[in-house]
Structure formats: C-alpha cells, structure tokens
Amino acid sequence: MEGKIRKRPDDDIGHWVQRIADRFDFPMRQVSPDHLQLGMRGKHTGPYTLNIKKNGPRVSYGTRLTHAIHEDVDDKSRAGFLEDVLDLNGRMNDVRLGMQEGSLTLTREDPKEDLTPHTFGRSILMMHGGREQVLPEILKKAQKRGIRFKKE
C-alpha cells in the first residue's frame, strides 16, 4: 500500500515556530539545530524569551521568571519563599516551576510523537498563560518575604 510519508515532528517544529512568529509578529531565533527562541510579550508581565528545545523524544519549553535570589537574603526568608514557590507549583496544571542556575523557571514538556500544529500551539499558549498567572503571584510572595533578586 502506497501512502504519503509523514515527516517526523522533529522536522516540523521549526516550521511551526516560524508560523507562530510570523502570525503574531514575534521575533524568532535559532540558537542551534535543536534550540529555538521565540520573543513573546505578556500583557501583565512584559517581554520575555520562550525557549523551545528538542530533547530526544521530547520537546521542552522554558522561560526564566526571575534572576537568582540575592545572597544577602536571610535563610529563613529564603526558605519561606521557596516553600511558597513549591506550594504554588503543586497547584499548577500543565506547566511547572523549577530552578536553573538559581533562577526560577517555568517549564513544560511534550512527547514529540504526539505533537501536531494544534498541540504545539496549545503548549505555547499554556506556557504564556502560566507565566501571566504565576509571575505576579511569585513577585508578590517575594515582596512579602523580603526577597530581592540579583540583577543580570
């Protein structure tokens, strides 16, 4: 039986990111063959970079929410803030909070085999919506606990 040979989602991801970038006038940058960046702008949180990486059988999405916590923040305040972040992470659906090099991040992963243009776009929207929802709450909790973040 002859049929169309379907390209692997791996081949489509760059095309899908480019279509989103063109449609919404977002800047796009290819950092490496497996790493794309999409410049986005939140209504409440301002401009940010969404990283999209092909990681073997998965596609990872990630964005930094804050810089690292300043060294002079006392341990009790730091521990209370991180407890708040863990609590918030437990209440979130579809995206998760983490730390990378001391910075708070928001991430999500999808199996490549299940990706379609629709599910890929939905994941980007989930990341965007998650950032819009969680960043103001994190900053409010940081202020309440006296947390300061390093400047880049």
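Last residue of the sequence shown: number 194 in the numbering used here, and the count goes up by one each step with no gaps. C-beta atoms are modelled at their ideal positions from N, C-alpha and C, and glycine is treated no differently. Note that this is a predicted model, so its numbers are computed, not measured.
*What residue does the beta strand (DSSP E) around L78 start on, and which one ends it?*
77-84
*Would you report the Cα separation of I180 and F123, rounded to the nearest angstrom?*
9 Å
*Secondary structure of M134, DSSP reduced to three states*: coil
*Can you tell me the Cα-Cα spacing of R120 and D54, whole angstroms?*
42 Å
*Could you pull the start and end residues of the beta strand (DSSP E) that V73 belongs to?*
70-74
*Closest by CA to R65, which one among V127, G81, S102, P75?*
G81
*What is the residue span of the alpha helix (DSSP H) that P159 lies within?*
159-187
_Output needed for L107: all residues of its chain with C-beta closer than 8 Å, excluding positions within five of it in sequence on either side, in chain order._
L139, S145, L146, T147, L148, R173, V176, L177, I180
*For the beta strand (DSSP E) that K96 lies in, which residues bound it at each end?*
88-97
_Own chain, CB closer than 8 Å to T91, minus 5 neighbours either side, in chain order_ = Q79, L80, G81, M82, T105, R106
*Got a sec, what are the start and stop residues for the beta strand (DSSP E) E151 sits in?*
145-153
*Count the C-beta pairs between the segment 149-168 and the segment 96-105 that are closer than 8 Å, then say yes if the count reaches three, no if not.*
yes
*Check whether the Cβ atoms of E76 and K95 sit closer than 9 Å, and answer yes or no.*
What sits at residue 76 in the sequence shown is Asp, not Glu. Yes, Cβ-Cβ distance for D76 and K95 is below 9 Å.
*Where does L139 sit, in a helix, a strand or coil, going by DSSP?*
strand
*asked:* Rounding to the nearest angstrom, what Cα-Cα distance links K187 and T158 in this structure?
replied: One point to set straight first is that residue 187 is Arg, not Lys, in the sequence displayed. Answer to the nearest angstrom: the Cα atoms are 42 Å apart.
*Close Cβ partners of F191 (< 8 Å) along its chain, the five nearest in sequence each way excluded*: T108, H109, A110, I111, H112, A184
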